[in-house]
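Trainee: Per the numbering used here, residue 1 is the first one in the first sequence, and the count goes up by one each step.
For every residue, glycine included, the Cβ atom is placed at its ideal position computed from N, Cα and C.
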Amino acid sequence: MRPAQEGGGRFSFPKEVRLRRRSEFLKVQERGAKLSADCLLVLALPNGRADALTRLGLTVSTKVGNAVVRNRLRRRLRELFRTRRHGLPRGLDMVIIARTSAAEADFGRLSRAFEKVAADLSKRYPSP
RNA sequence: GGAGCAGUCCGGGUGAACGCCGGCCACUGCAGGACGGGGUGGCGGGAGGAAAGUCCGGGCACCGGAGGGCAGGGUGCUGGCUAACGGCCAGUCGGCGUGAGCUGCAGGACAGUGCCACAGAGAACAGACCGCCCGCGAAAGCGGGUAAGGGUGAAACGGUGCGGUAAGAGCGCACCGCGCUCCUGGUGACAGGGGCGGCACGGCAAACCCCACCCGGUGCAAGAGCCAAUAGGGGAGCGCUCCUCCGCGAGGAGGGGCAUGGGCGGCCCGCCCACGUCUCCCGGGUACGCUCGCUGGAGGGUGUCGGCAACGGCACCCCUGGAUGAAUGUUCGCCACCGGGGAAACCCGGGGACAAGACCCGGCUUACAGGGCUGCUCCAGCA
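1) Could you work out which residue in 11, 13, 60 and 26 is closest to residue 97 when comparing CA atoms only?
2) In whole angstroms, give me the CA-to-CA distance for residue 35 and residue 116.
3) Determine the direct distance from the alpha carbon of residue 58 to that of residue 46, and round the result to whole angstroms.
4) According to DSSP, simplified to helix, strand and coil, what is residue 87?
5) Measuring alpha carbon to alpha carbon, tell me which of 22, 48, 41 and 14 ends up nearest residue 125.
6) In this structure, how does DSSP classify residue 18 when only helix, strand and coil are distinguished?
As structure tokens, then:
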């Protein structure tokens, strides 16, 4: 049995790269480094995992909009993470919190915000 | 053709690249009695008409278990449909519209209690302010009659007409209304007709209340399994009863005394358990874990039969969401479609309108860009 190629194919998005427990979210939110860009607020914390996977959690509260707006936002943010996760520092847990202004943002604006966060993260956690 | 009424349906399609969720099949190979878990590939699926609000009704699950009642809650014209409903269908009555049609918190006010402000002379076995008429008086005015007219009010003790009268008045008569009664039709709400009564019995029940019918509580974070018994440890259970009045009683009003306790929907009747029991919590004892519940169902379609219809019976066919920090997407094209410009070819812009399951159904209510179909009404025109 060969080991899973770390977290699936290059652009895949399997379950092991998502935060799925409340305790994981709380840990990042309490102790993580805080970065912001436009309508996004990002918290990041090295997770110390042996496989050095970088994982993602999303928080979009009801203040941002109704269920349709929130779903769309979550999917777009997840898509950005999916296509760019191999350019991010390794072994990080990150939680993206959407601000209210994210409701009106189109995909281009979200991309620019995400790129800025990715650049900041690379500076803060340079790859060895 | 114009204006309108009702019903019903849709609410994007398609291509490529990269992804997500669960299902089936094949190969591989971990483990190996089986179930099972991993990898690769293939096939075919993957939010709504309101999925929403969470306003009703059920299924299902647990709360120890039956009955009668009290309290509490709900519904409220009639008949039917349904698993059930506060829903639906068909009617009745009232209101609106020329009409197709629309609309209604539509039981009871001689069971009882209560309320009817302000204005007004007078407001519930009412009432004389102005006016009208008669009498007295020189006049001002005083006494009497009068509810037809004016004024107030949400409401003034029937309406119209004729007769009658000093002026008036159901005072008399006709019709209408109202009440009682009888007949006919209807399952019924009710309708039609005859007779009698001179008219008495104002409104509010979304005031208490009365009547009829219905209702236990909590919700899939229900609940079950992996997880199993026995013994032992610590903590908790908070009221009971008597007297007076109405009542079988619960209950309501007032007063007094004392500490067996608990369970059965809040209480009573009734029933049951018990001196170290009963129930619950903590804890030994690890879990916001995994599996099940979890999706084939009061399911959908077609035909046929019964029924005005809602709906029901029968036959055949179809079924491929089940997540859980929560899948059905992102990007780039093309086309429907919409707006603007143009004679046209075409060009520019938009192309998510409202809104996404969270145990599952039946309804109601609310939101909604744009569009299709069917039937009907009124008006105009042609023949």
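Mentor: In this structure, then:
1) 60
2) 10 Å
3) 17 Å
4) helix
5) 48
6) strand
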